[in-house]
Amino acid sequence: MGDTINCTVERHNDTILFLPGVNMTTATTGCLYLVPTPIGNLADITERAITVLQQCDAIAAEDTRHSGQLLQHFGIQTPMFALHEHNERQRVGQVIERLQQGQQIALISDAGMPLISDPGYVLVTQCRQLGIPVSALPGACAVVTALAGSGLPTDRFTFEGFLPAKPQQRRKRLQELVNEPRTLIFYESPHRILDTLADVVSVFGVSRPCVLARELSKQFETYLSGSAEEIQQQVAADSNQQRGEIVLMLGGAPADDTDEATSAALQTVAVLRRELPLKKAAALAAEIHGVRKNALYQLALASDNQ
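The sequence shown begins at 5 in our numbering and counts up one residue at a time.
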């Protein structure tokens, strides 16, 4: 059994809010609410999220101009202040002080769940260390939305956020994940998606299962599903697939590295080695057969030592 959570129910304008661990009639500190906002379709916001945003004392927003449009749409007039990756560490002290004075503050990002590839980690950590209540509301999140609709295994997965922008660092990160058996989930920006897909094909092989989810919950929501090479080709051929918010997902590494494709790749390595060094031969053979380059190199090296 887990720890018991004390929960006080407060009624505001006939709307019931659940405030974990806080008795608002006697509390000396406020509560930090993590409020998810829609990732596209505004109808996805929850009733509770609207209520919290209406009734809190202030809203910490990643981009006040962007969030201002959302608040205006729902007629929310709560004052906002900016809290983003460039000022979070400087602003934390001020926010903590306001919470300790008893103010209720909501934290929102531009879209989805705060802290998931968005600001807020420093603030939440400080609140927990100081015993200030933190309440995370359930709601929209592109990670689980994309995964649920992908058709890839959902029982085990790992979210890697945004890949590094620099090519060498991006390939290094992908290489570290090549043997990961769980479904892999990444966020990617439109202007880097083609380069990232090229790196995915190079590192994971042409046949690794791949799904690209784009513009989730919006008018032009799209799922592209196929091999890594097929997705790369589709995105390269259609500039529309290079726009909007993108979630890239890859199937996990296969359990058996000695399947037919690997056996065929080893035969190709043997032929290529007549003219090329082992490392180059393994890289080319891996690309031809859609298998993992490092794994193939290690298998070929082990064959030499037998």
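All residues carry an ideal CB built from backbone N, CA and C; glycine is no exception.
*Pairing CB atoms from the segment 68–75 with CB atoms from the segment 132–150, are three or more of them under 8 Å?*
Between the segment 68–75 and the segment 132–150, the count of C-beta pairs closer than 8 Å stays below three; the two stretches do not touch.
On the DSSP bridge assignment, give the partners of residue 214 in chain order.
Here the question's residue 214 lines up with position 210 in the sequence shown. Under DSSP, residue 214 takes part in a beta bridge, and its partners are 230 and 254.
Checklist entry - Do you know how far the Cα of residue 255 is from the Cα of residue 302? => result On the sequence shown, position 298 is the one that residue 302 refers to. On the sequence shown, position 251 is the one that residue 255 refers to. Taking the straight line joining both Cα atoms gives about 22 Å.
Boundaries of the alpha helix (DSSP H) in which residue 36 is found, first to last residue:
Taking the first residue of the sequence shown as position 1, residue 36 is located at position 32. Unbroken run through residue 36 is the beta strand (DSSP E), 36–38; no alpha helix (DSSP H).
Exercise for the section: Please work out which residues of its chain come closer than 6 Å, Cβ to Cβ, to residue 136, disregarding the five sequence neighbours upstream and downstream, and give them in chain order. Expected result: Translated into the one-based positions of the sequence shown, residue 136 becomes position 132. The answer, listed in chain order, is 33 and 103.
Integer-rounded CB distance, given that residue 186 should sit under 8 Å from residue 162 = Counting from 1 along the sequence shown, the entry for residue 162 is found at position 158. Counting from 1 along the sequence shown, the entry for residue 186 is found at position 182. 5 Å between Cβ atoms; contact.
- Task: Measure the alpha-carbon distance for residue 258 versus residue 297 and round it to whole angstroms.
- Result: Taking the first residue of the sequence shown as position 1, residue 258 is located at position 254. Taking the first residue of the sequence shown as position 1, residue 297 is located at position 293. The straight-line gap from Cα to Cα measures roughly 14 Å.
> Going by other Cβ atoms of all chains shown within 10 Å of its Cβ, with 16 needed for buried, is residue 262 buried or exposed?
Replying inline: The sequence position of residue 262 within the sequence shown is 258, counting from 1. Confidence is the limiting factor: at residue 262 the pLDDT is only 46, short of 50, which leaves the residue's position unreliable, though a coordinate-based value still follows. Counting of Cβ neighbours within 10 angstroms places residue 262 among the exposed residues, the total staying below 16.
What residue range does the alpha helix (DSSP H) around residue 178 cover? Working through the sequence shown from its first residue, we reach residue 178 at position 174. In this chain, the alpha helix (DSSP H) harbouring residue 178 covers 171–180.
| query | Helix, strand or coil: how does DSSP classify residue 305 here? | reply | Residue numbering aside, residue 305 sits at position 301 when the sequence shown is read from its first letter. Note: residue 305 maps to helix in three-state DSSP.
Output the distance between the C-alpha atoms of residue 316 and residue 81, rounded to the nearest integer angstrom. Outside the displayed span of the chain (5 to 310) sits residue 316, for which this structure offers no information.
Q. Which term fits residue 249, buried or exposed, when burial requires 16 or more other beta carbons within 10 angstroms of its beta carbon?
A. As a first step, residue 249 is located in the sequence shown; it is residue number 245 there, counting from the start. Residue 249 should be labelled buried.
| task | State the DSSP-derived secondary structure class of residue 188, mapped to helix, strand or coil. | result | Within the sequence shown, the letter at position 184 stands for residue 188. Judged by DSSP in its simplified three-state form, residue 188 adopts strand.
So what does DSSP say about residue 193, is it helix, strand or coil?
Position 189 of the sequence shown, counted from the start, is the residue given in the question as residue 193. Note: residue 193 maps to coil in three-state DSSP.
Note down, in chain order, each residue of its chain lying with its Cβ closer than 8 Å to the Cβ of residue 1, except the 5 sequence neighbours on either side.
Lying outside 5 to 310, the shown extent of the chain, residue 1 is not represented and no answer is given.
| message | Tell me the DSSP secondary structure of residue 49 in three-state form. | response | As a position in the sequence shown, residue 49 is number 45, starting the count at 1. When secondary structure is reduced to three states using DSSP, residue 49 falls in the coil class, being assigned neither helix nor strand.
Buried or exposed: residue 69, going by 16 or more other Cβ atoms within 10 Å of its Cβ?
By 1-based counting over the sequence shown, the position of residue 69 is 65. Residue 69 should be labelled exposed.
Same chain, Cβ closer than 6 Å to residue 110, five either side skipped, listed in chain order: Here residue 110 refers to the residue found at position 106 when the sequence shown is read from its first residue. 37, 39, 56, 57, 60 and 63.
Residue range of the unbroken beta strand (DSSP E) whose run includes residue 112
For the purposes of this step, residue 112 is taken as the residue at position 108 of the sequence shown. In the DSSP annotation of this structure, the continuous segment of the beta strand (DSSP E) that includes residue 112 starts and ends at 109–112.
Below 8 Å on the Cβ atoms is my contact criterion, and I expect residue 292 with residue 266 to pass it. Report the Cβ-Cβ distance as a whole number of Å. Taking the first residue of the sequence shown as position 1, residue 292 is located at position 288. Taking the first residue of the sequence shown as position 1, residue 266 is located at position 262. Not confirmed; about 12 Å, so no contact.
Q: In angstroms with no decimal places, state the Cα-to-Cα distance between residue 212 and residue 289.
A: Position 208 of the sequence shown, counted from the first residue, corresponds to residue 212. Position 285 of the sequence shown, counted from the first residue, corresponds to residue 289. Approximately 15 Å, taken between the alpha carbons.
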